[in-house]
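Numbering (our numbering), first residue to last: 5 to 679.
Every residue gets a Cβ at the ideal spot worked out from N, C-alpha and C, and that includes glycine.
Beneath this line is the structure, given in structure tokens, with notes to follow.
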């Protein structure tokens, strides 16, 4: 498979359901996000997704982490394993870590003869056509580090170039791949250096990591845990020697990263070349155009939430408030899981932060442009974005509000959070990723009385937000130059743009290839307090980053190449601060009209901006009938699809599809029911 096709497959799916452990999930997500961001979204998924959703076409890699493989079998034997096998054989990639390695072998033999621990029997996937036998080293206990160790692997440098001859991996219960060197479709990538306590066959050394060619695809299975990092390990009082294991792995972390990077390269994935750890959280700067309102907000937080040991303890997060960046208390510099770390919240009552404290975002420019938008259209200043938190590195602009209910109910209408890098960015369906600089991530609180629900159904908020983001680009300034940027809406809440390579001539688009690619999306979370909706609209747009797809400025650059050939001046790249100000202005203007008039006033604009008018699709859960998309309903925002015959004439049958109940694979013309 060509690299370009792999990059078009943006998702790396990590199974997180029955059989996995909390630790294995945490380490797998952390390490893969560290090495694969921003090129892929590393997503935790459960069995419902893998069994019922059409995930295959957008997935670059399927990962089964450590735990116990017998629950995997119970969950996926039959239909599930048939899906996985077909996915790999048709060119997909599979990574099985420890239990995931046992699971993908033709036979699992675990602690045979041990009445308490034995698990043995055939397995359906058979990516490795032999036996995975364990444990390689004794002492294993479920839910314990008693048998854990740091083990040395000898690496085949010819098959895994770019990493050294040896690597230290965390080990706890993994197996060996018996006679791995005897199978024509298998290559041994690394072997155990230490003597193992099970029969590993006739080879010179016990195979610890193998690569298996399966049809057009490839699978890598491991007996060790190359994904485990010392950063997420904690010493155990019940296992005193485990501290030595952590210490040893700490000194060999760079080698581990190089080894895991080589494994991912083996799949053909685009991998970060730098050994970068997950970014460390930075202070959050709270500012406002209205100092008195900001003082009232801080007082309300102190009164209604209060302090515990000097910290503002919200539902999920803990904040340490400071009235000056100079008064920031030095926190523990050791790595902390971002969601568990104390967040520094610096309140700036009468001035903005020093530019040195916010080098990637100019708050003064942002506020000036926000005021300019309202003045430009002769309107009094609004609320959206007038009070704002900015963080250079933060967890998630949405989660900081949505996951802290006792804080959310105190925040004023229009309160906004934005950041340069999110380490726990949230997307539709539970997607989580590290978004890089260049993505404009913003979340805004929107309040609406529940009594408005009939004339202003909140399902339309996601439609308004996508429209507002597109208008912020197309109406970036008064020159009119930006109105031709090919941004479009994919129903219900994604933003797409024409690929840069097709800007000059859309007739050059190869048959079967999508012309548009995703550059943004909207996620709406809703809580109800005191008969009022408290909605957090989380929005992201690729403004200035080329990966994982493209960005607005990349397309502007391609447009400028075409303009130069015609002797026209170039279009300046858009700036984060201006796009954010424009987005919040347009969103508030639309929201105010929506409250009184519903979505009807925006339908014409919505249809001009979306991709779907007249598109022929197949509705999978309606016997795969062919239908033409003709619009959305004005009451609840459902997608209208009308059945057509073989000549695309309407038959009279009409379907209305819910935005949160259906998955739309637009470029394959497939709508399927979400479970």
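- Take residue 259, set aside five residues on each side of it, and the residues of its chain with a beta-carbon closer than 8 Å to its own are 167, 168, 170, 171 and 172, in chain order.
- About 7 Å separates the beta carbon of residue 228 from that of residue 174, a gap short enough to meet the 8 Å contact definition.
- Per DSSP, reduced to three states, the secondary structure at residue 634 is strand.
- Annotated as distal: residue 318 and residue 176, with beta-carbon spacing of 7 Å or more.
- A distance below 7 Å separates the beta carbons of residue 588 and residue 388.
- In the DSSP assignment, residue 288 falls within the beta strand (DSSP E) that extends over 288–292.
- The beta carbon of residue 391 sits closer than 8 Å to the beta carbons of 290, 291, 292, 293, 294, 297, 298, 301, 416, 418, 419 and 420 from its chain, once the five residues preceding and following it are set aside; these are given in chain order.
- Sequence-distant Cβ neighbours of residue 623 in its own chain, meaning closer than 7 Å and more than five residues away, are 629, 631, 645, 659 and 675.
- A contact is defined here as three or more CB-CB pairs under 8 Å, and the segment 230–237 meets this definition with respect to the segment 249–268.
- Within the same chain, 190, 192, 211 and 214 come within 6 Å of residue 184 by CB-CB distance, once the 5 residues on both sides are set aside.
- Here residue 208 is exposed: its Cβ has fewer than 16 other Cβ atoms, across all protein chains shown, within 10 Å.
- If you ignore the 5 residues before and after residue 91, its C-beta comes within less than 7 Å of the C-beta of 60 and 66, all in its own chain and listed in chain order.
- Restricted to the segment 195–275, the alpha helix (DSSP H) segments that are unbroken, complete and at least 4 residues in length are 246–255 and 257–270, listed in chain order.
- Here the segment 538–549 makes contact with the segment 400–408; the two share three or more CB pairs at distances below 8 Å.
- Counting of Cβ neighbours within 10 angstroms places residue 495 among the buried residues, the total reaching 16 or more.
- Annotation for residue 122: 114, 115 and 116 place their beta carbon closer than 8 Å to its own, counting only its chain and skipping 5 residues before and after.
- Annotated three-state conformation of residue 20 is coil, per DSSP.
- Contact between residue 523 and residue 483 is absent: CB atoms are separated by about 22 Å, not below the 8 Å threshold.
- Inter-residue distance for residue 246 and residue 154 is about 9 Å (C-alpha atoms, whole angstroms).
- Straight through space, the alpha carbons of residue 464 and residue 101 are spaced by roughly 42 Å.
- Contact annotation, residue 368 with residue 356: C-beta distance approximately 6 Å; criterion of less than 8 Å satisfied.
- For residue 536, the beta-bridge partners assigned by DSSP are 453 and 533.
- Shown here, residue 146 sits in coil according to DSSP, grouped into three states, outside any helix or strand.
- Bridge pairing for residue 324: 348 [DSSP].
- Residue environment analysis places residue 511 among the exposed positions, since fewer than 16 neighbouring C-beta atoms fall within 10 angstroms of its C-beta.
- For residue 498, the enclosing beta strand (DSSP E) stretches over residues 498–502.
- Residue environment analysis places residue 620 among the exposed positions, since fewer than 16 neighbouring C-beta atoms fall within 10 angstroms of its C-beta.
- It is roughly 54 Å from the alpha-carbon of residue 568 to the alpha-carbon of residue 305.
- A contact between stretches requires three or more CB pairs, one per stretch, nearer than 8 Å, and the segment 632–641 fails this requirement with the segment 498–507.
- Per the coordinates, the alpha-carbon of residue 602 lies some 28 Å from the alpha-carbon of residue 488.
- Residue 327 is positioned such that its CB atom lies no closer than 7 Å to that of residue 316.
- In the structure shown, residue 78 adopts helical secondary structure according to DSSP, grouped into three states.
- In the three-state DSSP reduction, residue 483 falls in the coil class, being neither helix nor strand.
- Residue 647 sits away from residue 634, with the two beta carbons spaced by 7 Å or more.
- According to DSSP, residue pairing for residue 45 in a beta bridge involves 15.
- Pairing residue 552 with residue 42 gives a Cβ-Cβ distance under 7 Å.
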